[in-house]
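**Student:** Sharing a structure, written as structure tokens. Questions coming.
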Amino acid sequence: MSNKNTNQNHSDDINEIWSLFAEEGSEALDLVEECLLYLENNPSDPQRIPELFRAMHTFKGMAGMMGLSVIETLGHGAEDLIGLMRDEGVAPNREMIDLLLTTLDQARMMLDHATTYRQDAESATVETLLTQLRALFAKHHAAPTEMVLEEPLLTSIIATPIPEPVTPLPPSEPDELAVQQIDPATDPLYVNIFLELAQEQISRINTASNALSKGDELALTELEDALDALKHAAEQMNYERLLDTLDNLAKVTNETDRERRGVLLNEIELRLFEELTVIQETVSPTVKQIPGSLSFAWLFRRWHADRVFSDLAHLDEVVNELEQLLTQPVLDVNGLTNERHLADEATYLLQTIYHSCVFYKLDLAAYLTLALEDLYARIAQAEMTANKALAELTKNVLRQLSETVDSIREGEAPEPVDWASMIEQTEAILYIHTEGQVSQVTKEVLDLLDLPPEFKEVITPENLLEIAQALQAGRHFFTILADINQNETVGLAFFEWSQSGDVQLITNITILQGTNSLFKFLLATDQSETELTNILNQIDPTGQFLSWEACALREEIDFQQVASHNPRQESRRRMQMEQEQGVEPIFDRDVLANFIGSIGKLLAAHSVLKKVTDRIAQSDLIENISRWQRQFNGNQSSIGQEIQKAIEALAEDARVLSQVETEMGVGLDQLYETTLAMRMKSIGDIFKPLQGYATTVAQHYGKNVELEVTGAEIDLDHNTLDILDKPLRGLVQFVVMYSLENPEQRRSVGKPATGRVVMRAIKRNSRLQITIEDDGCGLNEVVVINRAQELGWTQFNAAAPDKLAEWVLIEEFGAIYNDSESDLGAIKAELQNCQGQLTLSPRPKGGLRFELTIPLTMSVLNGMVIRADQVQYVVPIDVIHRIIKPAQSEIIHASADGGQNLLRLGEEVIPIHYLSSAANEGVNPENLMVVIEQGEHSIALPVEELIGEQQVLIQPLQGHIAGIRGISGCALLGDGEIGMILDFNEIELNS
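Yeah, the sequence shown ends on 1033 if you go by my numbering, and it's all consecutive.
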């Protein structure tokens, strides 16, 4: 009975689809007829041509979706002929309109036949019409190339340096063209038809997959047939991501290992549902859906709910196997591999159980399964080990879930379950058994290298990765105790050596000796102890300021295993399988997993923090002492013991708080890095479309262009990309329209017929620089001067080309060629609102050179933090040449140059740029100077304090401070202060 109802529903759905095709197809052909009759009476009025093209395109597309290839071919032939009118400006004539009307009549008959008999027309019925359509298309398409220009006209065109500007497309034209190209992947009608067909095939896939899991190999043929049918429909819709998923699913069917095939089928099936859910959500809710269509997300969860007991039983078996491993005192390599394999399997099963919980509206239970999934994923990633507490908790959860779901299915109210308490248990397990992930790995590294315990407080995850990589490279480790404040010569020599590339400074700690501060550095180097000794003896011949010792390595170290402790390294077996199969997930799982993991660490640390602070807040030592006085009748020995216990408890709480603070700091760092990664995109995302855009604009104006791009691999915050998109599009359009010549003009002056535009992107400190150059003829000087005279700028009757370039960037100058596309001043003003700049200059051999610079937002900068006049500044590390303490004799006062102070550095004289009000007071002999070298220019910055190197996040300047010259942004420093990011492009100009 159930199968009969299902078949009936399917039949009703198919009838609905054919009815929609009949209705929508007839409406499209009615519109075709209306437009043709209008053109028959008004052949010189082209306003209905775009509408005619859209109508025929719609009819052709619907025929293709229904698999009616003969009807689709006829529609395509008519569409091509109409395209001549729309795209090439061919005027409609009686011959064309008559043939299109004949085609329309034939299309109506074929539509009636197809909807009546549910089949395509015979190809013979359209052969004659197709021949006529193609012949007429060839006749008018070839006409423009057969035109012969008379010699005077040809000569005049070649002699003209710059043609009169071609009237640009009206602003509405791009939108109109976009509407003409109906995309079936987003059109609600097409999507509805596709989803209805997909629902039938997805049911077949699920049924076959379940049969395969039970050992029925005959179901493999059914699965392959369903995949082929769904793939054919997806190809019609151009769903590339869905096609990739289907291809991967098809590859899995060839897997001979049944267990592995089952795992991969389930996982890729999840991707399939995610893809279909996304497609379903593209349909506007205002559009009527096809009756009987279901939510793929609901369907997916319902199927998971149907097999929830199987998943619960399977997970119980996995946990039992893990418990067996826990009984072994020591796990060998095979045991560890098996543990991670089982944890990975548990992770997947918990994902499926989560969907079942959502289906049964068990919200807290669903959250609990996610928490358990996180714990097992950590085991699979070797971030923690399996433990008895986790196994017992999991089995309890499985038992409670089984009883709850069983009650719901029986229509009974389930017994209340304390899911919240179990969630707290997962948090406790996370904290106890990771033992503070960073502190645990740190202990292992300290033990590995026999480092002093004080390094534990300063080693970061980045340091651990550096150490692991250095170990794999076979480098040697040393600690150097340096008293570099006592001897400037030794200090500067040590600093230069540490930056030479021969050594890798990993981290350092500060050691106080009386009033003196010493620094202890941990470094890695390829040099032996003897070589290092010779180098340091040269830096400090007396041996008073530098001392060192080698870090001993424990024997029998597996460096590969050490490196694998990096928590950011992806090692889960399932991910490896996906990479082997070429699966591309909808979401970036690495970033998402890191994001969730960071939040989990913060929540766990916060839970412990709350417990400790509550305990401290509730403990009143004074009140307790009074109570003990009464309890022990003044016995000082007993009271002293209680006080000692209380003090020890406070000390333990303080230790835990310190550890929690470290954990939260690491969690925040990882959360920040992950969030930043989620915001970053490649600049290629806007460069690549510009290549196609340049070609489109060039073709519209009868030109050929090749746009080359470099630097497309640079990653930028998406805000910066949003800012750049419109100005870059405008500049590319300008050079193509107004600087590049058409092929005939280029050949006449010995240039290749195809114009060349080069766009380069490069990061310079805290700014992004983009240059756009072309090999055209540049600005039309006559047009620019005439425009200036129109504005009343009578002094601009003649000028050098570089001056003309300056004028056109003035906002008041407006459009050069009386159209919005040539208003360069507006583009520059738009960039200046975002602290950007735009310059224009003529190229020596012809053409233009635009240079666009914009501050980087939300990007990371390695900088040296300095202080001048109570203000902290950040100097990019890569522009620092030297840090010196100059002698008074090295300071030169140049009275002939406006009284500027200069620094003599060897044979070089460098201008001094003051960041504070000290410019009028001269150079303080106690101050250091940071020598900046950028390109061919150098400047010296006097600073009152060198605070140290930090990695900072650049934030753009906003509001009243946005226009500060020499400052490109700001950053929150480690001490909570705000640091100003120095922009040496502007500082050099000022100097």
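Glycine included, C-beta positions come from ideal geometry on N, C-alpha and C.
What you are looking at is a predicted structure, and each value in this text was computed from that prediction instead of being measured.
May I have the straight-line CA-CA distance separating residue 149 from residue 451, to the nearest angstrom?
**Tutor:** As a position in the sequence shown, residue 149 is number 107, starting the count at 1. As a position in the sequence shown, residue 451 is number 409, starting the count at 1. Their backbone Cα atoms lie some 54 angstroms apart in a straight line.
**Student:** Which residues in the same chain have their Cβ closer than 6 angstroms to the Cβ of residue 982, if we skip the five residues on either side of it in sequence?
**Tutor:** Against the sequence shown, residue 982 aligns to sequence position 940. Excluding sequence neighbours, residue 982 sits near 945, 952, 954, 971, 973.
**Student:** Mind checking who residue 1011 pairs with in its DSSP beta bridge?
**Tutor:** Counting from 1 along the sequence shown, the entry for residue 1011 is found at position 969. The partner list for residue 1011 (beta bridge, DSSP) reads 1023.
**Student:** Between residue 799 and residue 777, is the Cβ-Cβ spacing less than 9 angstroms?
**Tutor:** The residue you call residue 799 lines up with position 757 of the sequence shown. The residue you call residue 777 lines up with position 735 of the sequence shown. Taking 9 angstroms as the Cβ cut-off, residue 799 and residue 777 qualify as a contacting pair.
**Student:** Where does residue 723 fall in DSSP's three states?
**Tutor:** Indexing the sequence shown from 1 puts residue 723 at position 681. Residue state, collapsed to three classes: strand.
**Student:** Please say whether residue 517 and residue 555 have beta carbons closer to each other than 9 angstroms?
**Tutor:** In the sequence shown, residue 555 corresponds to position 513, counting from 1. In the sequence shown, residue 517 corresponds to position 475, counting from 1. In this structure, residue 517 does not lie closer than 9 angstroms to residue 555 by Cβ.
**Student:** Where does residue 1048 fall in DSSP's three states?
**Tutor:** Nothing can be reported for residue 1048: it is not among the residues displayed for the chain, which extend from 43 to 1033.
**Student:** Of all the options 464, 873, 680, which has the alpha carbon lying nearest to the alpha carbon of residue 765?
**Tutor:** Numbered from its first residue, the sequence shown carries residue 765 at position 723. It is 873.
**Student:** Starting from residue 785 and walking both ways along the alpha helix (DSSP H), at which residues does that stretch end?
**Tutor:** For this step, residue 785 is matched to residue 743 along the sequence shown. Here the alpha helix (DSSP H) through residue 785 covers 785-790.
**Student:** Can you look up residue 287 in the DSSP assignment and give me helix, strand or coil?
**Tutor:** Locating residue 287 in the sequence shown gives position 245, where the first residue counts as 1. Residue 287 falls in the helix class under three-state DSSP.
**Student:** Buried or exposed: which applies to residue 216, given that a residue is buried once 16 or more other Cβ atoms fall within 10 Å of its Cβ?
**Tutor:** Translated into positions along the sequence shown, residue 216 becomes position 174. For residue 216, the predicted structure reports a pLDDT of 41, less than 50, and the residue's modelled location is therefore unreliable. A value from the coordinates is still provided. Exposed, since its Cβ has fewer than 16 Cβ neighbours within 10 Å.
**Student:** DSSP on residue 155, reduced to helix/strand/coil?
**Tutor:** Mapped onto the sequence shown, residue 155 falls at position 113. DSSP places residue 155 in helix when its eight states are reduced to three.
**Student:** In this structure, how does DSSP classify residue 779 when only helix, strand and coil are distinguished?
**Tutor:** Locating residue 779 in the sequence shown gives position 737, where the first residue counts as 1. Of the three classes helix, strand and coil, the one that applies to residue 779 here is helix, per DSSP.
**Student:** Do the segment 889-898 and the segment 910-917 make contact, defined as three or more Cβ pairs closer than 8 angstroms?
**Tutor:** No, the segment 889-898 does not touch the segment 910-917.
**Student:** For residue 318, which residues in the same chain have their Cβ closer than 8 angstroms to its Cβ, ignoring the five residues on either side in sequence?
**Tutor:** In the sequence shown, residue 318 corresponds to position 276, counting from 1. Counting only Cβ-Cβ distances below 8 angstroms, and skipping sequence neighbours, we find 237, 240, 244, 284, 338.
**Student:** Please name the residue in 434, 388, 392, 379 whose C-alpha comes closest to that of residue 424.
**Tutor:** The sequence position of residue 424 within the sequence shown is 382, counting from 1. The shortest C-alpha separation from residue 424 is found at 379.
**Student:** Do residue 393 and residue 415 have their CB atoms nearer than 9 angstroms?
**Tutor:** Residue numbering aside, residue 393 sits at position 351 when the sequence shown is read from its first letter. Residue numbering aside, residue 415 sits at position 373 when the sequence shown is read from its first letter. Yes, the Cβ-Cβ distance between residue 393 and residue 415 is below 9 angstroms.
**Student:** Using a threshold of 9 angstroms, state whether the C-beta atoms of residue 114 and residue 106 are closer than that.
**Tutor:** Here residue 114 refers to the residue found at position 72 of the sequence shown. Here residue 106 refers to the residue found at position 64 of the sequence shown. Yes.
**Student:** What is the residue span of the beta strand (DSSP E) that residue 923 lies within?
**Tutor:** Translated into the one-based positions of the sequence shown, residue 923 becomes position 881. Where residue 923 is concerned, the enclosing beta strand (DSSP E) stretches over 922-926.
**Student:** Out of 420, 991, 292, 796, which has the shortest C-alpha to C-alpha gap to residue 920?
**Tutor:** Translated into positions along the sequence shown, residue 920 becomes position 878. The option with the nearest alpha carbon to residue 920 is 991.
**Student:** List the endpoints of the continuous alpha helix (DSSP H) containing residue 449.
**Tutor:** Within the sequence shown, the letter at position 407 stands for residue 449. Element bounds for residue 449: 430-451.
**Student:** Where does the unbroken alpha helix (DSSP H) through residue 405 begin, and where does it stop?
**Tutor:** Translated into the one-based positions of the sequence shown, residue 405 becomes position 363. Counting along the chain, the alpha helix (DSSP H) containing residue 405 begins and ends at 405-422.
**Student:** Closest to residue 783 by CA distance: which of 768, 772, 739, 806 is it?
**Tutor:** Counting from 1 along the sequence shown, the entry for residue 783 is found at position 741. Nearest C-alpha to residue 783: 739.
**Student:** Using only the alpha-carbon positions, how far apart do residue 522 and residue 572 sit?
**Tutor:** To locate residue 522, count along the sequence shown from 1; it is residue 480. To locate residue 572, count along the sequence shown from 1; it is residue 530. Those two C-alpha atoms are separated by around 14 angstroms.
**Student:** Could you say which of 77, 589, 512 lies nearest to residue 548 if we only look at CA atoms?
**Tutor:** Position 506 of the sequence shown holds residue 548. Cα-wise, what sits closest to residue 548 is 512.
**Student:** Looking at the unbroken alpha helix (DSSP H) that takes in residue 562, where does it start and where does it end?
**Tutor:** Here residue 562 is taken as the residue at index 520 of the sequence shown, counted from 1. Not the alpha helix (DSSP H): residue 562 falls in the beta strand (DSSP E), residues 558-567.
**Student:** With a CB to CB cut of under 6 angstroms and the five nearest residues on each side skipped, what residues in its chain are close to residue 1019?
**Tutor:** On the sequence shown, residue 1019 is found 977 positions in, with the first residue counted as 1. So the list reads 914, once near-sequence residues are dropped.
**Student:** Since residue 858 and residue 825 are thought to touch, with beta carbons under 8 angstroms apart, how far apart are those beta carbons, to the nearest angstrom?
**Tutor:** The sequence position of residue 858 within the sequence shown is 816, counting from 1. The sequence position of residue 825 within the sequence shown is 783, counting from 1. Right, the Cβ-Cβ distance comes to about 6 angstroms (below 8 angstroms), so this counts as a contact.
**Student:** Entirely within the segment 853-925 and at least 3 residues each: give me those beta strand (DSSP E) ranges in chain order.
**Tutor:** As far as the segment 853-925 is concerned, its whole beta strand (DSSP E) runs of at least 3 residues are 879-884, 890-897, 902-910, 913-918.
**Student:** Would DSSP call residue 969 helix, strand or coil?
**Tutor:** Stepping through the sequence shown from its first residue, residue 969 is reached at position 927. Looking at residue 969 - three-state DSSP - the assignment turns out to be coil, as it is neither helix nor strand.
**Student:** Distance, Cα to Cα, residue 763 vs residue 771?
**Tutor:** Reading the sequence shown from its first residue, position 721 is the one you call residue 763. Reading the sequence shown from its first residue, position 729 is the one you call residue 771. Looking at the two C-alpha atoms, the distance is approximately 12 angstroms.
**Student:** What is the residue span of the alpha helix (DSSP H) that residue 133 lies within?
**Tutor:** Locating residue 133 in the sequence shown gives position 91, counting from the first residue. Careful: residue 133 lies outside any alpha helix (DSSP H) and carries neither H nor E.
**Student:** Could you tell me which residues DSSP pairs with residue 821 in its beta bridges?
**Tutor:** Stepping through the sequence shown from its first residue, residue 821 is reached at position 779. According to DSSP, which records beta bridges pairwise, residue 821 is partnered with nothing at all.
**Student:** Could you have a look at residue 543 and say whether DSSP puts it in helix, strand or coil?
**Tutor:** On the sequence shown, position 501 is the one that residue 543 refers to. DSSP places residue 543 in coil when its eight states are reduced to three.
**Student:** Please classify residue 81 as buried or exposed, where buried requires at least 16 other C-beta atoms within 10 Å of its C-beta.
**Tutor:** To locate residue 81, count along the sequence shown from 1; it is residue 39. With 16 or more Cβ atoms within 10 Å of its Cβ, residue 81 is classed as buried.
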